[in-house]
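Asker: Numbering (my numbering), first residue to last: 90 to 353.
1. Does the stretch 184-192 come within contact of the stretch 221-241, defined as at least 3 CB pairs closer than 8 Å?
2. Does the count of Cβ pairs from the stretch 297-314 and the stretch 337-344 closer than 8 Å reach three?
3. Drop a sphere of 10 angstroms on the beta-carbon of residue 185, count the other beta-carbons inside from all chains shown, and report buried for 16 or more, exposed for fewer.
4. Candidates 280, 245 and 284: which alpha carbon is nearest residue 263's?
5. Let's see if you can read the secondary structure: which residues bound the alpha helix (DSSP H) around residue 240?
6. At which residue ranges does the stretch 183-233 contain complete beta strand (DSSP E) runs of 3 or more residues, listed in the order of the chain?
7. When DSSP builds the beta bridges, which residues end up paired with residue 278?
8. If you drop the 5 nearest sequence neighbours on each side, which residues of the same chain put their C-beta closer than 7 Å to that of residue 279?
9. I need the straight-line Cα distance from residue 259 to residue 227, nearest angstrom please.
10. Would you call residue 254 buried or exposed, if buried means 16 or more other Cβ atoms sit within 10 Å of its Cβ?
11. Can you look up residue 315 in the DSSP assignment and give me helix, strand or coil?
12. Count the other C-beta atoms from every protein chain shown that fall within 10 angstroms of the C-beta of residue 244, then say buried if there are 16 or more, exposed otherwise.
13. Straight-line CA distance for residue 333 to residue 318?
14. What residues in its chain sit with their C-beta under 7 Å from that of residue 218, if we drop five residues either side in the sequence?
15. Using the three-state DSSP reduction, which class does residue 249 fall into: helix, strand or coil?
16. Using DSSP's beta-bridge definition, name the partner residues of residue 328.
17. Over the uninterrupted alpha helix (DSSP H) stretch that includes residue 321, give me the two end residues.
18. Please report the Cβ distance between residue 310 and residue 231, rounded to the nearest whole angstrom; I am assuming they are in contact, meaning their Cβ atoms lie under 8 Å.
19. Hey, residue 346 and residue 183: beta-carbon distance below 8 Å or not?
20. Taking residue 295 as the reference, which of 320, 247 and 312 has the closest Cα?
21. Since residue 216 contacts residue 349 with CB under 8 Å, what's their CB separation in whole angstroms?
22. Could you check which residue in 250, 352, 265 and 197 has the C-alpha nearest to that of residue 307?
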């Protein structure tokens, strides 16, 4: 089980491969580019035969909200960064400078061609959202969201349980790769694992490897996080990073700090 669609409106149950290296990232990128070249060649044949073609884009939306996000649309040049946001600046202040330039974005805008209005989302946590990490010509992403007890019960049928071992294999589900579970002194449980993302999805993109995390809290709420090396395909902003933008330790420090918790 992984959190790609959990943080982007859909649920996906799958596991990655144990290999997690820069070579694996670039090999995956090569496969993605090969598929895109094949698709482009097919499109040229259609143009020759029909004399004209149309390229429809699938629109997507998220819940209407009071929280707006700064985002670069699909037509924006990858070399032109999106406007800075206060949330991105607050997040950057909590992280080392070598993680790269941080901008708040919307994956619904980048990938699904949603309008900024459609992509407005209600978030519980003050730093919840989607962020692009630009470094050395590559672009990775951090996705962070807090689901309260009610949202967890609606989605899974039960609240988050710190006692649940997410690293344990359940039924026919594949085991999570490089899975580490840590029970914190206050009783919360943080679980992180690697996901190669080497599979086909229903988006017109190919995601690179990532580090996934969940922090189950005693009140039944749960933080979900993805530290992704990036994606290629529709809406891409740059090449994949060789490693996820945030490490396991950096994810822990971020999720256990007071800055991610709602006021009160």
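Here a beta-carbon is modelled for each residue, glycine too, at the ideal position from N, C-alpha and C. On a predicted model such as this, the values are computed, not experimentally measured, just so you know.
Answerer: Reading from the atomic positions:
1. yes
2. yes
3. Start at 1 with the first residue of the chain shown, and residue 185 comes out as number 96. So residue 185 counts as exposed.
4. Residue mapping note: residue 263 aligns to position 174 of the chain shown, counting from 1. Nearest of 280, 245 and 284 to residue 263, Cα basis: 284.
5. The sequence position of residue 240 within the chain shown is 151, counting from 1. Segment 238-245, the alpha helix (DSSP H) holding residue 240.
6. 190-194 and 218-224
7. Residue numbering aside, residue 278 sits at position 189 when the chain shown is read from its first letter. The partner list for residue 278 (beta bridge, DSSP) reads 272 and 305.
8. Here residue 279 refers to the residue found at position 190 of the chain shown. If we look at residue 279 and ignore the five residues flanking it on each side, its Cβ neighbours are 271, 273, 302, 304, 341 and 344.
9. Stepping through the chain shown from its first residue, residue 259 is reached at position 170. Stepping through the chain shown from its first residue, residue 227 is reached at position 138. Taking the straight line joining both Cα atoms gives about 36 Å.
10. By one-based count along the chain shown, residue 254 stands at place 165. Classification of residue 254: exposed, given that the 10 Å Cβ count is below 16.
11. For the purposes of this step, residue 315 is taken as residue 226 along the chain shown, with counting starting at 1. Of the three classes helix, strand and coil, the one that applies to residue 315 here is strand, per DSSP.
12. What you label residue 244 is simply residue 155 of the chain shown in a count that begins at 1. Flag for residue 244 reads exposed.
13. Position 244 of the chain shown, counted from the first residue, corresponds to residue 333. Position 229 of the chain shown, counted from the first residue, corresponds to residue 318. One C-alpha to the other measures close to 5 Å.
14. Within the chain shown, the letter at position 129 stands for residue 218. So the list reads 158, 176, 193, 212 and 233, once near-sequence residues are dropped.
15. Position 160 of the chain shown, counted from the first residue, corresponds to residue 249. Correct three-state label for residue 249: coil.
16. Position 239 of the chain shown, counted from the first residue, corresponds to residue 328. Per DSSP, the beta bridge partners of residue 328 are 227.
17. As a first step, residue 321 must be located in the chain shown, where it is residue number 232. Per DSSP, residue 321 is not a residue of any alpha helix (DSSP H); the beta strand (DSSP E) it occupies stretches across 320-322.
18. Counting from one through the chain shown, the residue named residue 310 turns up at place 221. Counting from one through the chain shown, the residue named residue 231 turns up at place 142. In fact, because the Cβ distance is near 19 Å, the residues do not count as touching under 8 Å.
19. As a working mapping, residue 346 is identified with position 257 in the chain shown. As a working mapping, residue 183 is identified with position 94 in the chain shown. Cβ atoms of residue 346 and residue 183: closer than 8 Å.
20. Numbered from 1 along the chain shown, position 206 holds the residue referred to as residue 295. The residue with the shortest Cα to Cα distance from residue 295 is 320.
21. Locating residue 216 in the chain shown gives position 127, where the first residue counts as 1. Locating residue 349 in the chain shown gives position 260, where the first residue counts as 1. Contact flag correct, Cβ pair sits at about 5 Å.
22. Within the chain shown, residue 307 is the residue found at index 218, counting from 1. The option with the nearest alpha carbon to residue 307 is 250.
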